[in-house]
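First to last, the sequence lines map onto chains S, V and Z. First residue of the first sequence: 116, per the numbering used here; consecutive thereafter. First residue of the second sequence: 56, per the numbering used here; consecutive thereafter. First residue of the third sequence: 95, per the numbering used here; consecutive thereafter. Think of the CB as a built atom: it goes at the ideal place given N, C-alpha and C, for glycine as much as any other residue. The structure appears right after this line, and notes come after that.
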Amino acid sequence: MSAPTSAPRSLTGSFPAEAFAQHLTSLAGAPAWWLDRQRAAYETYAGLPMPRRTDESWRFSNVVGLSLDGFTANPAASPTALTSPFGTPHLAFLNNTVVNRNAVPAELVRQGVVVTTLVEAAAQHPELLRAHFMAQPQKLGSGKFAALHSAFVGAGAFVYVPRGVEVKEPILITHAAAGAGSAVFPHTLVVLEENARATVVDHFVSADDAAHFACGANDLYAGHGSQLTYIGAQDWSRTSRSFQFNSTVVRRDARVQSLNLHLGGRQARHESLSQLQAPGAFSEMLALTVADDTQEFDQRTLQIHQAPNTKSDLLYKNALRDQSKTIFSGLIVVDPDAQKTDAYQSNRNLMLSDDAEASSLPGLEIQANDVRCTHGATTSRIDPEQEFYLQARGISKAAADELLTFGFFEEVLNRLESDPLHDVLRTLIQSQFKK
Amino acid sequence: MSSLEIKNLHVSIGEKEIVKGFTLTINSGEVHAIMGPNGTGKSTLSKAIAGHPDYKITQGEVLVDGKSILELEADERARAGIFLAFQYPSEITGVSIANFLRAALQARLAEGEELDASAYYKRLYDKMDRLKIDRKFTSRAVNEGFSGGEKKRCEILQMAMLEPKFALMDETDSGLDIDALRIVAEGVNAMRGPNLGVLLITHYQRLLDYIVPDHVHVMYDGQIVKSGDKSLALELEAKGYDWVKKEFATASAR
Amino acid sequence: MKPSPDTLPADEATAVENPVSGIDQSSGNFRYEMDYAFDAGTGLTENTVRYISEVKKEASWLLDFRLNALKTFHSKPLPTHWATKDLENINFDKIRYYLSQGLKPKRTWEEVPDDIKKTFERLGIPEQERKFLAGVEAQFDSEAAYSNIKEIVSKQGVIFVNSTEGLREHPELFRKFFGKVIPTGDNKFSALNSAVFSGGSFIYVPPGVKVAQPLQAYFRINAENFGQFERTLIIADEGSEVTYMEGCTAPKFSTSTLHSAVVELVALKGAKIQYITVQNWSSNVFNLVTKRGVAHEMAEIKWIDCNIGSRLTMKYPGVVLKGRKARGEVISIALANDGQHQDTGAKMIHQADETTSNIVAKSISVGQGRSTYRGQVHIPKHLKGCKNNTECDALLINTNSRTDTYPAITVKGDRNAVQHEASVSKVNEEMIFYMQQRGLTEGQAMSLAVNGFINDLARQFPMEYSVELKRLIDLEMEGSVG
Numbered sequence: 116m117s118a119p120t121s122a123p124r125s126l127t128g129s130f131p132a133e134a135f136a137q138h139l140t141s142l143a144g145a146p147a148w149w150l151d152r153q154r155a156a157y158e159t160y161a162g163l164p165m166p167r168r169t170d171e172s173w174r175f176s177n178v179v180g181l182s183l184d185g186f187t188a189n190p191a192a193s194p195t196a197l198t199s200p201f202g203t204p205h206l207a208f209l210n211n212t213v214v215n216r217n218a219v220p221a222e223l224v225r226q227g228v229v230v231t232t233l234v235e236a237a238a239q240h241p242e243l244l245r246a247h248f249m250a251q252p253q254k255l256g257s258g259k260f261a262a263l264h265s266a267f268v269g270a271g272a273f274v275y276v277p278r279g280v281e282v283k284e285p286i287l288i289t290h291a292a293a294g295a296g297s298a299v300f301p302h303t304l305v306v307l308e309e310n311a312r313a314t315v316v317d318h319f320v321s322a323d324d325a326a327h328f329a330c331g332a333n334d335l336y337a338g339h340g341s342q343l344t345y346i347g348a349q350d351w352s353r354t355s356r357s358f359q360f361n362s363t364v365v366r367r368d369a370r371v372q373s374l375n376l377h378l379g380g381r382q383a384r385h386e387s388l389s390q391l392q393a394p395g396a397f398s399e400m401l402a403l404t405v406a407d408d409t410q411e412f413d414q415r416t417l418q419i420h421q422a423p424n425t426k427s428d429l430l431y432k433n434a435l436r437d438q439s440k441t442i443f444s445g446l447i448v449v450d451p452d453a454q455k456t457d458a459y460q461s462n463r464n465l466m467l468s469d470d471a472e473a474s475s476l477p478g479l480e481i482q483a484n485d486v487r488c489t490h491g492a493t494t495s496r497i498d499p500e501q502e503f504y505l506q507a508r509g510i511s512k513a514a515a516d517e518l519l520t521f522g523f524f525e526e527v528l529n530r531l532e533s534d535p536l537h538d539v540l541r542t543l544i545q546s547q548f549k550k
Numbered sequence: 056m057s058s059l060e061i062k063n064l065h066v067s068i069g070e071k072e073i074v075k076g077f078t079l080t081i082n083s084g085e086v087h088a089i090m091g092p093n094g095t096g097k098s099t100l101s102k103a104i105a106g107h108p109d110y111k112i113t114q115g116e117v118l119v120d121g122k123s124i125l126e127l128e129a130d131e132r133a134r135a136g137i138f139l140a141f142q143y144p145s146e147i148t149g150v151s152i153a154n155f156l157r158a159a160l161q162a163r164l165a166e167g168e169e170l171d172a173s174a175y176y177k178r179l180y181d182k183m184d185r186l187k188i189d190r191k192f193t194s195r196a197v198n199e200g201f202s203g204g205e206k207k208r209c210e211i212l213q214m215a216m217l218e219p220k221f222a223l224m225d226e227t228d229s230g231l232d233i234d235a236l237r238i239v240a241e242g243v244n245a246m247r248g249p250n251l252g253v254l255l256i257t258h259y260q261r262l263l264d265y266i267v268p269d270h271v272h273v274m275y276d277g278q279i280v281k282s283g284d285k286s287l288a289l290e291l292e293a294k295g296y297d298w299v300k301k302e303f304a305t306a307s308a309r
Numbered sequence: 095m096k097p098s099p100d101t102l103p104a105d106e107a108t109a110v111e112n113p114v115s116g117i118d119q120s121s122g123n124f125r126y127e128m129d130y131a132f133d134a135g136t137g138l139t140e141n142t143v144r145y146i147s148e149v150k151k152e153a154s155w156l157l158d159f160r161l162n163a164l165k166t167f168h169s170k171p172l173p174t175h176w177a178t179k180d181l182e183n184i185n186f187d188k189i190r191y192y193l194s195q196g197l198k199p200k201r202t203w204e205e206v207p208d209d210i211k212k213t214f215e216r217l218g219i220p221e222q223e224r225k226f227l228a229g230v231e232a233q234f235d236s237e238a239a240y241s242n243i244k245e246i247v248s249k250q251g252v253i254f255v256n257s258t259e260g261l262r263e264h265p266e267l268f269r270k271f272f273g274k275v276i277p278t279g280d281n282k283f284s285a286l287n288s289a290v291f292s293g294g295s296f297i298y299v300p301p302g303v304k305v306a307q308p309l310q311a312y313f314r315i316n317a318e319n320f321g322q323f324e325r326t327l328i329i330a331d332e333g334s335e336v337t338y339m340e341g342c343t344a345p346k347f348s349t350s351t352l353h354s355a356v357v358e359l360v361a362l363k364g365a366k367i368q369y370i371t372v373q374n375w376s377s378n379v380f381n382l383v384t385k386r387g388v389a390h391e392m393a394e395i396k397w398i399d400c401n402i403g404s405r406l407t408m409k410y411p412g413v414v415l416k417g418r419k420a421r422g423e424v425i426s427i428a429l430a431n432d433g434q435h436q437d438t439g440a441k442m443i444h445q446a447d448e449t450t451s452n453i454v455a456k457s458i459s460v461g462q463g464r465s466t467y468r469g470q471v472h473i474p475k476h477l478k479g480c481k482n483n484t485e486c487d488a489l490l491i492n493t494n495s496r497t498d499t500y501p502a503i504t505v506k507g508d509r510n511a512v513q514h515e516a517s518v519s520k521v522n523e524e525m526i527f528y529m530q531q532r533g534l535t536e537g538q539a540m541s542l543a544v545n546g547f548i549n550d551l552a553r554q555f556p557m558e559y560s561v562e563l564k565r566l567i568d569l570e571m572e573g574s575v576g
């Protein structure tokens, strides 16, 4: 079975049919349904045009910079020692290959907790994987890139926590890229059964300063009454391009807290979709961005309330330095009859340079009347009144600005229950300011 | 023994002159109260002395121990011993009280010197206990979500920790119920003594029942129009500010 | 000038398929037959445009302007990639682009034709208000049928005429600013207006003149399948002040109709313009209007815009803040009932230091009505001291009423500040119960609550407008509960 060869090179770039065929050969052990989904995804990828300036879902983005050329679709992996400030990873991927694994405690294994690769999961937990893997809709505009991910994804993590089991320590997965032009397709699939609890950390990092192409996804499924904390820390090299697609499904009385930290990449787009599917579902969506140099961070979010009595709370904060640029485009959708929805959406941009540019598109689409929906967006420099207050206590202007800037992030970090994670994230943020 | 001398001070906001020739000397150990109707320049005076960038001093002098502070930035004035208790304290998102005060104390140390953390916390908790501020507040962001009374107590806490030479207290009584007022007054009274001079700005006599001033001044139209002892405050309470206005009008008509 | 609420469309079922001659007696239908002296027929071709220009005896530059605009109109797609697909239901071939009674604007009440006086009567305008109309520019269909500038105004040197007269008698002044604020190609509908416009006002206020009395205009649509394309240009010279008010009501029609106006405001240094609209189109009208002003140094432009009725309204009054310390403001009220979509908002384009803008938008969705806020705030590179504040509040009356909010805010640099807030709520049930306990019906209580929701904005309208607004809301709220 071969992939279509008819698609013009301009639509496939560094990912032509031959590259896709090569990818498929590397997945010899994968089940037929997986390969079928990938073939369909490749068709979609090759058929879709590149985003255009006039596409509403790409408004304010630099679409001219979205080249598909100059990358290596199936880069080779060379063993490299990778360290993560979050600790020892349970699974470490480099250039789409597992390079390191550390088993979860035996007690958890006994309880049925699974932390493994997608390929192994396909063999050992076929039904689970088939139900959840590549099963989420793409609604935020990156159809082409999401399809590219679905076509090429092979290496990725599968985290499964059975009913009623609580995993106390964070499950850590690192996704790394190395070598000029390497394309990586990180994937993390988390499934929490009824009343399960877990914290999962994805750390995205470059092993060198070369330009990489990262096109990843993380799908989170929170079953009935479960509680999931998800951290995504993106620290690709400054010359890389990054696309990351998140889909979160929240079932009855479940609660998901996700915090994405965006530091790396030359141009990074992050799409996050929360589907609140049953009463009592709650999704807390947090993001922090430190943008400097000429970086562009493009964040698109969607909070869909599909059932009554659901709650979502979004807080995205961007600090902009130098000539950096950020875009936040968020939408809260309340379906008809999703009464008693409580939805909040907030984007705060802190301007630390006169050359930076922040765009905000906070949106609402409400079709039920008994709801509490609010959003807000602010863009400003450090508040001169706060600055004066600190100075009036004897703190110098420079020190006051630093305190206030870190305070800007702390408001989000304080939402985390885990102090160790809070500390690692704070250190990562502070290191950006010391460059 | 220190002195804060304010000499013929003129302050403008934008094009508008608010303080018009204010003169007063405060020595350590003294408590001066400034009373006056709204919009008469009381708050402007305190912010201008503290160095708020929006307030332009067009004429006059402010000296601490004989040295002008007008060329100093707000933080340098603070370190020279001026403390402003704000009427409306700013909410500082994400900066905890503990970190904030630590930064403020650290700023007062010489380069390379480090604050003794355990001594710091010991002192902080002690002051908090006295002001009846829950110790949990140390990890809360400065003033964020505080009630009016909590904000004012937090101001006094900062004053107690930073040990200024002179405290300018801008309508510290506003928005306080009687219990909070008592706690705040006790806090200030505890700090009274030979090392502190206080300028108490207030609209109502009420606060002066709790913090008894050595001197009372009436401010009107940007300057002091009457001075006396604490009995002046009572007279003012009885006769109202119209009395001052009338007297002032007669005086300037002459 | 304005409709009395008693004569407002109340019941869709009373609309008549085939109008009879004379005043339609059915409740709420303002339609009545007129003799149209000129009629460009239906459909839009180069000939239509040439015909309009010929009838109006226009200069050749204007004909060229119109023909270019027509090309632009044809070449531009409908903006359905961001706007509603309902736009596709406009049948441009079935619309009449021009008709006129061919009457010269009237100067005195006595000279106004009896049939037009009858229309005023039908609209329920009280006697004293008709006298008030002495200061009114009332447009009947494409041409001003009635125009009488108050003596004081003309004595002050203020020019207040219809756009045709403005073009004829003040060509230099008109041409200098015409199409400069809103270029032909701004959007498909501004191009359409530029090709076929007729009617509308031209106002020039000389330096330093402060027009005490609001200038008023009254537009309505009065022919089936007839689009109205008025064009208004207001120039406030340095240090002058003027308030302009327009009220719109329309008869009900059995087929869709199109209103597509262009309004351009120019406030020169230190000038102030306030533009007030209260409109209540019938629910088959596509109301697609482009309104924008340029505020020079220290100038101030304020749009007060109230949209009730229509099938689809798309209107985003804008201010280009061109000079230092210019101020722009949009106050918007929208009420969308069943079958209606109010897609309204504001644009604030900052182009100079220390410019400030303020947007307050409140919308009410009743039944299956849909209200949309769409806004744009742009603060480009290296400006300082610019501020924008935006506040959008939506009230949803019924279970499946709909509201959307789509702002787009771009800020460059660290010396400016913007703030946007929006909220969605329903009427407080406790409050309704409280009022019912005091003896009000649920409908009355609901009306009071809705009026309370917009009260802070309604207060900014001139007295008679805010009273009328209240009556309109009372009417719209009838039957919304239960």
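Rounded straight-line distance, which links the Cα of residue j to that of residue i
i          : j          : result
Ser-495(Z) : Asn-522(Z) : 16 Å
Leu-563(Z) : Gly-293(Z) : 26 Å
Leu-243(S) : Tyr-275(S) : 9 Å
Ser-377(Z) : Ala-270(S) : 57 Å
Thr-456(S) : Leu-335(S) : 21 Å
Gly-333(Z) : Pro-301(Z) : 6 Å
Arg-487(S) : Asp-264(V) : 47 Å
His-476(Z) : Asp-508(Z) : 9 Å
DSSP bridge partner residues for residue i (one or two, in chain order)
i          : result
Phe-328(S) : Ala-298(S), Arg-356(S)
Gly-412(Z) : Arg-386(Z), Lys-441(Z)
Gln-418(S) : Ser-389(S), Ile-447(S)
Endpoints, beta strand (DSSP E) assigned at residue i
i          : result
Ser-265(S) : Counting along the chain, Ser-265(S) falls outside any beta strand (DSSP E), though it belongs to the alpha helix (DSSP H) covering 258-267.
Where the alpha helix (DSSP H) through residue i begins and ends
i          : result
Val-579(S) : Nothing about residue 579(S) can be reported from this structure: the residues present for chain S run from 116 to 550 only.
Ile-146(Z) : 140-149
Ala-502(Z) : Looking at the DSSP string, Ala-502(Z) is not in any alpha helix (DSSP H); the run it does join, the beta strand (DSSP E), is 496-506.
Arg-134(V) : 129-134
Per-residue burial, residue i [other beta carbons within 10 Å of its own, 16 or more giving buried]
i          : result
Glu-133(S) : exposed
Thr-99(V)  : buried
Gly-196(Z) : Confidence is the limiting factor: at Gly-196(Z) the pLDDT is only 43, short of 50, which leaves the residue's position unreliable and the question unanswerable from this model.
Ile-233(V) : exposed
Asp-324(S) : exposed
> Going along the chain, which residues of the region 491-515 of chain S sit with their C-beta nearer than 8 Å to a C-beta in chain V?
Replying inline: Listed by position along the chain: Asp-498, Pro-499, Glu-500, Gln-501, Phe-503, Tyr-504, Leu-505, Gln-506, Ala-507, Arg-508, Gly-509, Ile-510, Ser-511, Lys-512, Ala-514, Ala-515.
> When you check each C-beta in the region 456-480 of chain Z against every C-beta of chain S, which residues fall closer than 7 Å?
Replying inline: Here the close residues are His-476.
> the region 150-167 of chain V: which residues have C-beta closer than 9 Å to a C-beta of chain S, in chain order?
Replying inline: Of all residues in the region 150-167 of chain V, Val-150, Ser-151, Asn-154, Phe-155, Leu-156, Ala-158, Ala-159, Leu-160, Gln-161, Ala-162, Arg-163 have a Cβ within less than 9 Å of some Cβ in chain S.
> When you check each C-beta in the region 495-511 of chain Z against every C-beta of chain S, which residues fall closer than 8 Å?
Replying inline: Within the region 495-511 of chain Z, the qualifying residues are Ser-495, Arg-496, Thr-497, Asp-498, Thr-499, Tyr-500, Pro-501, Ala-502, Ile-503, Thr-504, Val-505, Lys-506, Gly-507, Asp-508, Arg-509, Asn-510, Ala-511.
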